[in-house]
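K.L.:
Got a structure for you, written out below as structure tokens; questions coming shortly.
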Amino acid sequence: MLVNLQEILRLAEEHHCAIGSFNVYNVESVQAVLKAADGRHPVILAFGEKYDAHMPLEAMAALVKSYAESTPEPVVLHLDHTKQEKTILRAIRAGFTSVMFDGSSLPLLENIRATAEITRMAHLVSVSVEGELGYLNEEDGSGDPGDPRSYTTPQDAQAFTEGTGIDALAISIGNAHGLYKGTPHLDLERLSAIAKAVDTPLVLHGSSGIPRDTLQEAIRRGIRKININTEVSTSGVRRARAYLAAQDDPNLRFEQVTEQAEAEMTEVVREYLTWFNLQ
Numbered sequence: 018m019l020v021n022l023q024e025i026l027r028l029a030e031e032h033h034c035a036i037g038s039f040n041v042y043n044v045e046s047v048q049a050v051l052k053a054a055d056g057r058h059p060v061i062l063a064f065g066e067k068y069d070a071h072m073p074l075e076a077m078a079a080l081v082k083s084y085a086e087s088t089p090e091p092v093v094l095h096l097d098h099t100k101q102e103k104t105i106l107r108a109i110r111a112g113f114t115s116v117m118f119d120g121s122s123l124p125l126l127e128n129i130r131a132t133a134e135i136t137r138m139a140h141l142v143s144v145s146v147e148g149e150l151g152y153l154n155e156e157d158g159s160g161d162p163g164d165p166r167s168y169t170t171p172q173d174a175q176a177f178t179e180g181t182g183i184d185a186l187a188i189s190i191g192n193a194h195g196l197y198k199g200t201p202h203l204d205l206e207r208l209s210a211i212a213k214a215v216d217t218p219l220v221l222h223g224s225s226g227i228p229r230d231t232l233q234e235a236i237r238r239g240i241r242k243i244n245i246n247t248e249v250s251t252s253g254v255r256r257a258r259a260y261l262a263a264q265d266d267p268n269l270r271f272e273q274v275t276e277q278a279e280a281e282m283t284e285v286v287r288e289y290l291t292w293f294n295l296q
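For the sequence shown, this note's numbering assigns the number 18 to the initial residue and increments by one for each residue that follows.
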């Protein structure tokens, strides 16, 4: 069943756990996440603004709504990392239950103003909003995530959440998109300070490759939504490559390859879901 982000994060707060948010871009990725959830775990299906060039967001909305009709666990259809208001409006009209306006590159006051306006519009139709504060690198992993001076501060987090009315806040505490070049080190003390300063559920982007113990400690300190993309996607690619390398059948069909990728992605998502449920 489809719900909005506010509802699903309320469950996370009640159970002191985090909800997994997994990027989806086609039918196989949607099926992988829902199979891993297996009627037991609430999940967030995140469709990035940049994916719209590959698959129109209206088509993804129709696909997810069809699957959600027979899915017992709560499912959020979330528009991820969106900078264009027109894309957010299209998503709301198409049936997305949650949107993320990414104004993290803007000055604080401008980010507050723009995010507050998006939140006002979305809340009129019961669509949840996630905002972002603090610098992360680009979604494809390029760019430097910067030094601690670009991390989210408790003071800014408080001003941002109070000024926007958002339902979830993505923060920067040493996390980064893409593959980490070394072992990532999260500023967990900063996370604790932010959690004390705000009542809004906190989100950790760029979580692929962060060790399980670190993620679970972040959950204990207040993270309620964890975004995973790179590790799921690359696992599917590796499985497909290995399968193709082992085949010499000239009649090999495309769906046989995608089935292999989907199976591997399902296992990776399933493992993360067990990590996030601390109870």
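Ideal Cβ positions, reconstructed from N, Cα and C, are used throughout, including at glycine.
As the structure is a computational prediction, the values presented were derived from the model and not from experiment.
I need the boundaries of the beta strand (DSSP E) containing Glu147, first residue and last residue.
P.N.:
Per DSSP, Glu147 belongs to the beta strand (DSSP E) from 145-150.
K.L.:
Given this structure, state the Cα-to-Cα distance separating Thr132 from Glu102, to the nearest angstrom.
P.N.:
Straight-line Cα distance between these residues: approximately 10 Å.
K.L.:
Which value, in whole angstroms, describes the spacing of the CA atoms of Ala278 and Arg256?
P.N.:
Approximately 6 Å between the Cα atoms of the pair.
K.L.:
Let me check understanding here. Comparing Cα to Cα, which of Tyr289, Ala108, Thr178 lies closest to Ala78?
P.N.:
The residue with the shortest Cα to Cα distance from Ala78 is Ala108.
K.L.:
DSSP on Val44, reduced to helix/strand/coil?
P.N.:
Val44 falls in the helix class under three-state DSSP.
K.L.:
Just to confirm the assignment, what range does the alpha helix (DSSP H) spanning Ala212 have?
P.N.:
Ala212 -> alpha helix (DSSP H) spans 205-214.
K.L.:
Give me whichever residues DSSP pairs with Val37 in a beta bridge.
P.N.:
Checking the sequence shown, residue 37 turns out to be Gly, not Val. Looking at the DSSP assignment, Gly37 forms a beta bridge with Val60, Ile243.
K.L.:
Put Ala187 into one of helix, strand or coil per three-state DSSP.
P.N.:
If DSSP states are grouped into helix, strand and coil, Ala187 belongs with the strands.
K.L.:
With three or more beta-carbon pairs closer than 8 Å as the criterion, would you say the stretch 110-128 touches the stretch 85-94?
P.N.:
Yes: at least three Cβ pairs fall under 8 Å.
K.L.:
For Glu24, which of helix, strand or coil comes out of DSSP?
P.N.:
In the structure shown, Glu24 sits in a helix (DSSP, three-state: H, G or I).
K.L.:
State the start and end residues of the unbroken alpha helix (DSSP H) segment that holds Ser83.
P.N.:
Counting along the chain, the alpha helix (DSSP H) containing Ser83 begins and ends at 74-85.
K.L.:
Does DSSP put Met117 in a helix, a strand or coil?
P.N.:
Residue state, collapsed to three classes: strand.
K.L.:
Just to confirm, are Leu205 and Ala235 a CB contact at a threshold of 8 Å?
P.N.:
Closer than 8 Å, so yes.
K.L.:
Okay, do the stretch 264-275 and the stretch 63-73 touch, 3+ Cβ pairs below 8 Å being the bar?
P.N.:
The stretch 264-275 is not in contact with the stretch 63-73.
K.L.:
Within this structure, are the beta carbons of Ile211 and Pro267 separated by less than 8 Å?
P.N.:
No, they are not a contact pair.
K.L.:
Within 10 angstroms of its Cβ, does Glu281 collect 16 or more other Cβ (buried), or is it exposed?
P.N.:
By the 10 Å Cβ count, Glu281 comes out buried.
K.L.:
Out of Tyr42, Asp265, Ser38, which has the shortest C-alpha to C-alpha gap to Ala54?
P.N.:
Considering only alpha carbons, the answer is Ser38.
K.L.:
Going by C-alpha to C-alpha distance, which of Ser46, Met72, Leu26, Gly56 sits closest to Leu62?
P.N.:
If we check each option's Cα against that of Leu62, Ser46 comes out closest.
K.L.:
Would the beta-carbon of Asp119 fall within 8 Å of that of Glu149?
P.N.:
The answer is yes: Cβ separation under 8 Å.
K.L.:
Measure the CB-CB distance between Ala176 and Gly223 and report whether it falls below 8 Å.
P.N.:
The answer is no: Cβ separation not under 8 Å.
K.L.:
Who are the near neighbours of Asp97 in its chain, counting only those whose CB is closer than 6 Å to its CB and skipping five residues on each side?
P.N.:
Here the set comprises Ala63, Gly65, Met117.
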